[in-house]
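Working notes for the structure below.
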Amino acid sequence: MSDVVEKTLTALPSLLSLDSQPGSAKLSSSSKLGHLIRGITELTSKHEEEKLIQSELSSIKEQVSSPNATMRQMKELMVRTIYCEMLGYEASFSYIHAIKLAQQGNVLEKRVGYLAVSLFLNESHELLLLLVNTVLKDLQSTNLIEVCMALTVVSQMFPKDMIPAILPLVEEKLNHPKEIIRRKAVLALYKFYLIAPNQVQHIHNKFRKALCDKDPGVMSASLHIYFQLIQENPEGYKDLTASFVTILKQVVGGKLPMDFNYHSVPAPWVQMQLLRILSLLGKNDQSMSEIMYEVLDESLRRAEMNHNITYAILYECVKCIYTIHPKSDLLEKAAKCIGNFVLSRKINLKYLGLKALTYVVQQDPKLALQHQMTIIECLDHPDFIIKRETLELLFRITNGQNVTVIVEKMLDFLRTSEDDYTTTDLVGKVAELAEKYAPDNEWFIETMNTVFSIGGDMMLPDIPNSFLKLLSEGFDSVEEDWKLRLFAVNSYVSLLQGEPSKLPQRFLQVICWVLGEYSHLREDLEPDIVLRLLAKLLDMKSSSIETKSWVLMAMTKLCSGGTATSAAQEVSETYSSSLDTMLRQRAHELQYLSQNLELQARVLPRNDYPKLVEVDSSLSFLDGFVSEALAAGAAPYKPPHQRQEELSRSKALSLEPYGLSLPISMSSCSIAERQSPTLLSISSGLSGDSTDLSHKGGSTTLKLDGVKRVWGREGYLIQKEPVEEAAQVEDPSPLQSPSHQGDGDVSHSKTSTSTPTPECDQEKQQLASSLFVGLSSQSSVCLMGKSEPTPQRFRRKAKGPSTPSTTSETTSNQLVSPSTAVDNLLCNNLLDSSITSELDVSSTQLSEGFTTANGPCDAELELTDSDMKGSDPAVKGGDDQEVAADPAPHEDPNRHKDLCLTSHLPAELSGLFHSEITPVCTNQSLDVSACHVHKEDSLVLVVFIANSTNSAIRQLLVQIISEELEVSCVCDSPVEEVRSHGVAVCHYSLTVKRPSVHFELVGIVSYQLPAETPQTVQFSYKLPLTSFIRPLTVSTEEYGTLWLAFSHDTKQNLTLMSDDQQPLVATLNVLKKKLLLHVVEIIGEEGIVACRLLQDQPCLMHCRVHAGMLAVWLRSSVADLPDCLLYHCQRALQEH
67 MSDVVEKTLT
77 ALPSLLSLDS
87 QPGSAKLSSS
97 SKLGHLIRGI
107 TELTSKHEEE
117 KLIQSELSSI
127 KEQVSSPNAT
137 MRQMKELMVR
147 TIYCEMLGYE
157 ASFSYIHAIK
167 LAQQGNVLEK
177 RVGYLAVSLF
187 LNESHELLLL
197 LVNTVLKDLQ
207 STNLIEVCMA
217 LTVVSQMFPK
227 DMIPAILPLV
237 EEKLNHPKEI
247 IRRKAVLALY
257 KFYLIAPNQV
267 QHIHNKFRKA
277 LCDKDPGVMS
287 ASLHIYFQLI
297 QENPEGYKDL
307 TASFVTILKQ
317 VVGGKLPMDF
327 NYHSVPAPWV
337 QMQLLRILSL
347 LGKNDQSMSE
357 IMYEVLDESL
367 RRAEMNHNIT
377 YAILYECVKC
387 IYTIHPKSDL
397 LEKAAKCIGN
407 FVLSRKINLK
417 YLGLKALTYV
427 VQQDPKLALQ
437 HQMTIIECLD
447 HPDFIIKRET
457 LELLFRITNG
467 QNVTVIVEKM
477 LDFLRTSEDD
487 YTTTDLVGKV
497 AELAEKYAPD
507 NEWFIETMNT
517 VFSIGGDMML
527 PDIPNSFLKL
537 LSEGFDSVEE
547 DWKLRLFAVN
557 SYVSLLQGEP
567 SKLPQRFLQV
577 ICWVLGEYSH
587 LREDLEPDIV
597 LRLLAKLLDM
607 KSSSIETKSW
617 VLMAMTKLCS
627 GGTATSAAQE
637 VSETYSSSLD
647 TMLRQRAHEL
657 QYLSQNLELQ
667 ARVLPRNDYP
677 KLVEVDSSLS
687 FLDGFVSEAL
697 AAGAAPYKPP
707 HQRQEELSRS
717 KALSLEPYGL
727 SLPISMSSCS
737 IAERQSPTLL
747 SISSGLSGDS
757 TDLSHKGGST
767 TLKLDGVKRV
777 WGREGYLIQK
787 EPVEEAAQVE
797 DPSPLQSPSH
807 QGDGDVSHSK
817 TSTSTPTPEC
827 DQEKQQLASS
837 LFVGLSSQSS
847 VCLMGKSEPT
857 PQRFRRKAKG
867 PSTPSTTSET
877 TSNQLVSPST
887 AVDNLLCNNL
897 LDSSITSELD
907 VSSTQLSEGF
917 TTANGPCDAE
927 LELTDSDMKG
937 SDPAVKGGDD
947 QEVAADPAPH
957 EDPNRHKDLC
967 LTSHLPAELS
977 GLFHSEITPV
987 CTNQSLDVSA
997 CHVHKEDSLV
1007 LVVFIANSTN
1017 SAIRQLLVQI
1027 ISEELEVSCV
1037 CDSPVEEVRS
1047 HGVAVCHYSL
1057 TVKRPSVHFE
1067 LVGIVSYQLP
1077 AETPQTVQFS
1087 YKLPLTSFIR
1097 PLTVSTEEYG
1107 TLWLAFSHDT
1117 KQNLTLMSDD
1127 QQPLVATLNV
1137 LKKKLLLHVV
1147 EIIGEEGIVA
1157 CRLLQDQPCL
1167 MHCRVHAGML
1177 AVWLRSSVAD
1187 LPDCLLYHCQ
1197 RALQEH
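So for the sequence shown, this note's numbering puts the first residue at 67; every next one is plus one.
In structure tokens:
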């Protein structure tokens, strides 16, 4: 320990610059920091440490408050304070002094000040605003060290609201002559994109310039930004695929400087990031995938070293190969690589192989057959993580033939598991498998009983809710319904006759509900017996108040006169004076309904199939009543937010409770038209026939056919993907390279630590035949990991009119609204791109780029921002060797398109925000480009026609046509002639005739060259609805008046930004920034938002936080506008 302390004290002066004297190498024993460190290491108890640190902090606080403290002394005090904070003791008094040190000190003192600020404060700290001016000043400094320190702080922590203040300065640093400044600027922009992507939308083209930077460090930093961008919109960056492939070839070929090598592996982290990017670009795209095949083969071949970093590269290569369009020889090499991982003796490599096998088994289920004996051995592996990952693999290959064996293995693992996360995760998987592939009723009930017993109160509430919903709704066969419910009753009666005190509370609640609903199906079972069994649960000390509420509700359903009434009276008298309000209410219900059997029969009808509740969301049956009341002088309805506003302005005492809320949705009575004892909807839970891999996050709501709206308490919840966990690869192992696999797969016996007996081998062979049955015929068996619909044993009963298309109920995240013109667009999934415009041009037109053969980076410098889209990046290695991205074969290197089209914008539009100027049509004579300009009261489409010939173009005529938009030309005089290599500009004002999610414009350009016949070219241009949305500034009173006047509305539950302390405010801010909405007011858990569609067509939104979601209600005077705007709201929150 003393050696460690000595080394620490020796290193501190050079790291923190405590001693500026030349030759100072050691921290003297008289130094206060050295004295503090030595004193702490000599202590023997935590109490002594706390006493010493508090004394030290008191001394520091007194010294920093002294007006005579110099900057040098302040620097030394900050270092001691940093050490105290690192030990976990708060020193908030020093935060402001750290900021002052960063503002006033010299370079060395600034270094300590910035370090202290980055350690003390977080992005939301209020004191961070005081650092903004200092960062601005340092970014403009001529001292490179100060600029580096400012960029470092910006990339680590900076207020989101202050980004616009420093964004121009950070953009300038992308052109700095020093590569370290450019690299830090790219990382700062990456940070900005993560916390506020909408604020850096206009500089996406500058990222391409960073990608083609001559310094490899700048290029590698830009890969982080591109990985995020391509994750959100891979279609928008397909043109860079060839560039990424070229960069990867050069990296793999060792053309980067040696500084980027790690254990003789060239730039491994750059390789892995590029492989992830290529997998996104090549997914479901054969043409893009074909470009990658060669470099992926080269990456697999060169990763021959037996080192952990090469294993990581191989793993990413395998994932990429199985993600993109398949190629047989690459798949074979990747499969051999996975086999080497799985067969390795090293635990970390075995885990890596299982992870890879779990990932690829959906594309190639037969691959699991090759390693079935190894997988069997992994089930008994002593390492907990290996066993868990093996079960995850088995979950992915589950089908109707092997479900019983796999579920048994999962339950065996759960019985010995002590990890709460693993228990919660696996019980959800078992429940999903049981419902999807159950071979018979008995197995299903027994399996679910085991799940409830093992999972206990740690399981998600969706699991028991989905089970009860499945029992309640029934299936296609009445006989199957009766058998399943009867077997459940028999099973639960036996459990209550045993030792119910050992059962978890949620399991007891399920038992109470089932016995209350279906115990009458067993003819030989008297209600008195069931009541006595339930009464035992009330006497158990372990029963919670919620469980007792379920018991009382079940007893209420079972009271049918005679001795049952007397038993119910005894229980009701006991709990009618309970201190808990819920128990008192249930006790009074039990007492009253047990005495009035006629009322009980009406309130709690005993039928096998619940009636579907059709809800008229518009409440049209009240129209007459409302009209008569208004005519009689009644006050019109006021929304809750308006009532709260009036109450807050009133000076009189308010006798109403705070926090007015909307009524509970009627869907809380979704199971057999009865409420659960906790007033929560039992219907919320996993969809029984969901085929998605996720098993935790889903929720099903009451789905009604033939009505105008669907009301649901929970709405549609976003699916949560199972969390993938990573394992560190530590020690190298003798992994054989894929290029040396000519002798075939390694036999299973090489990995065995002991010689197995014949009996053991036979047992494993039998287990393997049970686990992997069905995988050899992939076409006939659908695995659990597949997304295709599979026939289930338990098929939900069709709701509404009986039609062939409504035999099952599925969970959907689509908008729930009447059939409108928007529905077709939503079904066609027009979530094409996050950019403001979408182009529909031929591949031959898009193939013409802006890159020259010899210097793509040099050509880049001459292009405007709007012309950067066609550039190809390049990398320069050491010793001035150029690592350039080769142009694609179809590109013409002599073709220049460096016209600065922005300068041709009309004068009245040049100062306004406009989209990227993008080519939409190209031929040998002319190039047509377009953009749209945002004005406060309109949207203008600008079309640029560039003459590429040496002669003038005559009789030029441009026509713009659209079905949904009204197009009017705003040019003073039509352009009829374009001189040689000139540019003509036409601009058109666009007005919405009928709202739509996206608008498509069709343009026709007709022209004539000298001594030639007239020619015509056609192009298309797409615009999103958000281009026509503007904020609508209204007061709360005006909002309430408009709300009552509008009739077209829609409702939906959206994702809530739950990672913020104020989720409603954060969510509305996202919508405000991305869709230009105006937040009128936020009161508690509710908010109101307003916007308008050009020209002056308002749309209002009422938001309410409910059950972890954002319940949104939109109203407008224009049909289809609420549905279209809701689509973009959902997209904006998903992209955030």
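Quick reminder that beta carbons are idealized off the backbone N, C-alpha and C, glycines included.
Item to check | Met354 to Leu295 span [Cα, whole Å] | outcome: One-based indexing of the sequence shown puts residue 354 at position 288. One-based indexing of the sequence shown puts residue 295 at position 229. Near 17 Å, if we compare the C-alpha coordinates of Leu295 and Met354.
Checklist entry - Would you report the Cα separation of Lys1117 and Leu1180, rounded to the nearest angstrom? => result Stepping through the sequence shown from its first residue, residue 1117 is reached at position 1051. Stepping through the sequence shown from its first residue, residue 1180 is reached at position 1114. Spanning the two alpha carbons is a distance of roughly 6 Å.
Item to check | Beta-ladder partner(s) of Lys1117, from DSSP | outcome: Here the question's residue 1117 lines up with position 1051 in the sequence shown. According to DSSP, Lys1117 bridges with Trp1179.
Item to check | Which of helix, strand or coil DSSP assigns to Ala276 | outcome: Taking the sequence shown and counting its residues from 1, the one referred to as residue 276 is at position 210. The three-state reading of DSSP puts Ala276 in helix, counting H, G and I together.
Checklist entry - Near Glu508, which residues of its chain fall below 8 Å by C-beta distance, leaving aside the five closest residues on each side in sequence? => result To locate residue 508, count along the sequence shown from 1; it is residue 442. In the same chain as Glu508, and ignoring 5 residues on each side of it, the C-beta atoms closer than 8 Å to its own belong to Phe553, in chain order.
Next on the checklist: Do Leu253 and Ser221 have their beta-carbon atoms positioned less than 8 Å apart in this structure?
Outcome noted: Locating residue 221 in the sequence shown gives position 155, where the first residue counts as 1. Locating residue 253 in the sequence shown gives position 187, where the first residue counts as 1. Going by beta carbons, Ser221 and Leu253 fall inside the 8 Å limit.
Next on the checklist: If I follow the unbroken beta strand (DSSP E) through Glu1066, where does it start and stop?
Outcome noted: The residue you call residue 1066 lines up with position 1000 of the sequence shown. Segment His1064 to Gln1074, the beta strand (DSSP E) holding Glu1066.
Next on the checklist: Just to confirm my understanding: we take Asp889, look at its own chain, exclude 5 residues before and 5 after, and list those with CB closer than 6 Å. What are they?
Outcome noted: Reading the sequence shown from its first residue, position 823 is the one you call residue 889. Since pLDDT at Asp889 reaches only 36, below the 50 mark, its modelled position is unreliable, and no value is offered.
Checklist entry - DSSP beta-bridge partners for His1172? => result For this step, residue 1172 is matched to residue 1106 along the sequence shown. Residue pairing from DSSP places His1172 in a beta bridge opposite Met1175.
Item to check | CB of Ser1062 within 8 Å of CB of Glu1032, strictly | outcome: Working through the sequence shown from its first residue, we reach residue 1062 at position 996. Working through the sequence shown from its first residue, we reach residue 1032 at position 966. Going by C-beta atoms, Ser1062 is not nearer than 8 Å to Glu1032.
Item to check | Residues near Cys1165 in its chain [Cβ-Cβ closer than 6 Å; skip 5 each side] | outcome: Numbered from its first residue, the sequence shown carries residue 1165 at position 1099. Closer than 6 Å at Cβ, skipping near neighbours: Cys1157, Ser1182, Leu1187 and Leu1191.
Checklist entry - Taking the alpha-carbon positions, what's the Leu1098 to Thr1092 distance? => result Translated into positions along the sequence shown, residue 1098 becomes position 1032. Translated into positions along the sequence shown, residue 1092 becomes position 1026. Between Leu1098 and Thr1092, the C-alpha separation is close to 14 Å.
Next on the checklist: Rounded to whole angstroms, what is the Cα-Cα separation between Leu445 and Thr456?
Outcome noted: Within the sequence shown, residue 445 is the residue found at index 379, counting from 1. Within the sequence shown, residue 456 is the residue found at index 390, counting from 1. Leu445 and Thr456 have their C-alpha atoms some 6 Å from each other.
Checklist entry - How is Cys386 classed by DSSP in three states: helix, strand or coil? => result Locating residue 386 in the sequence shown gives position 320, counting from the first residue. Here Cys386 sits in helix by DSSP.
Next on the checklist: Assuming contact is defined by CB atoms lying nearer than 8 Å, are Val311 and Met358 in contact in what I supplied?
Outcome noted: Residue numbering aside, residue 311 sits at position 245 when the sequence shown is read from its first letter. Residue numbering aside, residue 358 sits at position 292 when the sequence shown is read from its first letter. Yes, these two residues count as a Cβ contact at 8 Å.
Checklist entry - On the three-state DSSP scale, how would you describe Ser345? => result Residue 345 sits at position 279 when you count from the first residue of the sequence shown. In the structure shown, Ser345 sits in a helix (DSSP, three-state: H, G or I).
Checklist entry - In terms of alpha-carbon separation, which member of Ser519, Val473 and Thr490 lies closest to Glu501? => result Start at 1 with the first residue of the sequence shown, and residue 501 comes out as number 435. Among Ser519, Val473 and Thr490, the Cα nearest to that of Glu501 belongs to Val473.
Checklist entry - Mind checking whether Phe533 and Val576 have CB atoms under 8 Å apart? => result Here residue 533 refers to the residue found at position 467 of the sequence shown. Here residue 576 refers to the residue found at position 510 of the sequence shown. In this structure, Phe533 places its C-beta atom within 8 Å of the C-beta atom of Val576.
Next on the checklist: Do Ser1055 and Ser1004 count as a contact pair if the criterion is CB distance below 8 Å?
Outcome noted: Numbered from 1 along the sequence shown, position 938 holds the residue referred to as residue 1004. Numbered from 1 along the sequence shown, position 989 holds the residue referred to as residue 1055. Their beta carbons are under 8 Å apart, which means Ser1004 touches Ser1055 by this criterion.
Item to check | 6 Å Cβ shell around Met648 - same chain, five flanking residues per side excluded | outcome: For the purposes of this step, residue 648 is taken as the residue at position 582 of the sequence shown. Counting only Cβ-Cβ distances below 6 Å, and skipping sequence neighbours, we find Ser615.
Next on the checklist: So if DSSP puts Pro1164 in a beta bridge, which residue, or which two residues, is it bridged to?
Outcome noted: Numbered from its first residue, the sequence shown carries residue 1164 at position 1098. As computed with DSSP, Pro1164 is found in a beta bridge with Arg1158.
Item to check | Burial state of Val331 (16 or more Cβ within 10 Å) | outcome: Along the sequence shown, one-based indexing puts residue 331 at 265. Per the 10 Å Cβ criterion, buried.
Next on the checklist: Assuming Phe1085 is part of the beta strand (DSSP E), what are its boundary residues?
Outcome noted: Counting from 1 along the sequence shown, the entry for residue 1085 is found at position 1019. Phe1085 -> beta strand (DSSP E) spans Gln1081 to Pro1090.
Checklist entry - Which residue from Leu240, Lys349, Trp548 and Ile463 puts its Cα closest to that of Gly283? => result Position 217 of the sequence shown, counted from the start, is the residue given in the question as residue 283. Each of Leu240, Lys349, Trp548 and Ile463 was checked against the Cα of Gly283, and the nearest Cα belongs to Leu240.
Checklist entry - If you check the beta carbons only, do Pro300 and Leu347 fall under 8 Å apart? => result Walking along the sequence shown from the start, residue 300 turns up at place 234. Walking along the sequence shown from the start, residue 347 turns up at place 281. The answer is yes: Cβ separation under 8 Å.
Checklist entry - What are the start and end residues of the alpha helix (DSSP H) that includes Val1146? => result Translated into the one-based positions of the sequence shown, residue 1146 becomes position 1080. First-last for Val1146: His1144 to Ile1149, but that is the beta strand (DSSP E), not the alpha helix (DSSP H).
Checklist entry - Between which two residues does the alpha helix (DSSP H) carrying Thr101 extend? => result If you number the sequence shown from 1, residue 101 lands on position 35. According to the sequence displayed, residue 101 carries His and not Thr. From DSSP, the alpha helix (DSSP H) with His101 extends over Lys98 to Thr107.
Checklist entry - By DSSP, does Leu929 sit in helix, in strand, or in coil? => result Counting from one through the sequence shown, the residue named residue 929 turns up at place 863. Because Leu929 carries a pLDDT of 31, less than 50, the predicted location of this residue cannot be relied on, and the following value inherits that uncertainty. Reduced to three states, the DSSP call for Leu929 is coil.
Checklist entry - Would Lys141 pass as a contact of Leu181 if the rule is Cβ separation under 8 Å? => result Position 75 of the sequence shown, counted from the first residue, corresponds to residue 141. Position 115 of the sequence shown, counted from the first residue, corresponds to residue 181. The answer is no: Cβ separation not under 8 Å.
Checklist entry - To the nearest angstrom, how far is it from the Cα of Ser483 to the Cα of Thr489? => result Sequence index remark: in the sequence shown, residue 483 carries index 417 (1-based). Sequence index remark: in the sequence shown, residue 489 carries index 423 (1-based). Rounded to the nearest angstrom, the gap between the Cα atoms of Ser483 and Thr489 is 7 Å.
Item to check | Given 8 Å, three or more beta-carbon pairs between the segment 1144-1158 and the segment 1102-1110 | outcome: Yes, they touch.
Item to check | Residue range of the alpha helix (DSSP H) that includes Tyr259 | outcome: Translated into the one-based positions of the sequence shown, residue 259 becomes position 193. Note, Tyr259: alpha helix (DSSP H), Glu245 to Ile261.
Next on the checklist: Taking the straight line between their C-alpha atoms, what separation do you get for Asp682 and Thr1102?
Outcome noted: Taking the first residue of the sequence shown as 1, we reach residue 682 at position 616. Taking the first residue of the sequence shown as 1, we reach residue 1102 at position 1036. Near 28 Å, if we compare the C-alpha coordinates of Thr1102 and Asp682.
Checklist entry - In this structure, what does DSSP give as the bridge partners for His1053? => result Translated into positions along the sequence shown, residue 1053 becomes position 987. The secondary-structure analysis by DSSP pairs His1053 across a beta bridge with Val1008.
Checklist entry - Distance, Cα to Cα, Leu599 vs His1168? => result Taking the first residue of the sequence shown as 1, we reach residue 599 at position 533. Taking the first residue of the sequence shown as 1, we reach residue 1168 at position 1102. Going from the Cα of Leu599 to the Cα of His1168 covers about 49 Å.
Checklist entry - For the ligand MG, is there a heavy atom less than 7 Å away from the beta-carbon of Lys257? => result Of ligands this structure carries none, so the ligand MG is not represented either.
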